[in-house]
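See below for the structure under consideration.
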Amino acid sequence: QVQLVESGGGLVQPGGSLRLSCAASGSIFSLNRMAWYRQAPEKQRELVASIISGGGTNYADSVRGRFTISREHAKNTLYLQMNALKPDDTAVYYCNYRNLASGNNYWGQGTQVTVSS
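If you count the sequence shown from 1, position 31 lands on 48 in my numbering, and the numbers rise without skipping.
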């Protein structure tokens, strides 16, 4: 089992920045992928960014160049630095962990990000 706890969401004005954190605990396997997803009202959950244990990253086109995903292995913590935020970035952001050997998938509870003036 893996537990994920997100933090760092909130209300920010357009053009502002936020940093989300996701603390992972439990049975962390060395070969894994961690990611941020988001879900806006009445929309499907979508991948925002992902990072594998080797460090490779992937971004949705809508956030590339504005968001940066990173991880701190020693603390088992995932981050998402979000800059130049837009109202369209408003959503609940979820942390995801996937064990690449077993395929087991875990989700955090989500943190609300609201971009509004």
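Every residue, glycine too, gets a C-beta built ideally from N, C-alpha and C.
Taking contact to mean at least 3 C-beta pairs separated by less than 8 Å, is the region 56-69 in contact with the region 108-118?
-> yes
Within its chain, find whatever has a CB closer than 8 Å to the CB of residue 104; leave out the 5 residues flanking it on each side and keep chain order.
-> In the sequence shown, counting from the first residue as 1, residue 104 sits at position 87. Result list for residue 104: 31, 132, 133, in chain order.
Could you give the uninterrupted runs of the beta strand (DSSP E) lying entirely in the region 87-122, keeping only those of 3 residues or more?
-> 94-99, 108-116
If we call anything under 8 Å between Cβ atoms a contact, is residue 42 one with residue 61?
-> Taking the sequence shown and counting its residues from 1, one reaches residue 42 at position 25. Taking the sequence shown and counting its residues from 1, one reaches residue 61 at position 44. No, these two residues do not count as a Cβ contact at 8 Å.
Taking the alpha-carbon positions, what's the residue 121 to residue 45 distance?
-> By 1-based counting over the sequence shown, the position of residue 121 is 104. By 1-based counting over the sequence shown, the position of residue 45 is 28. About 11 Å.
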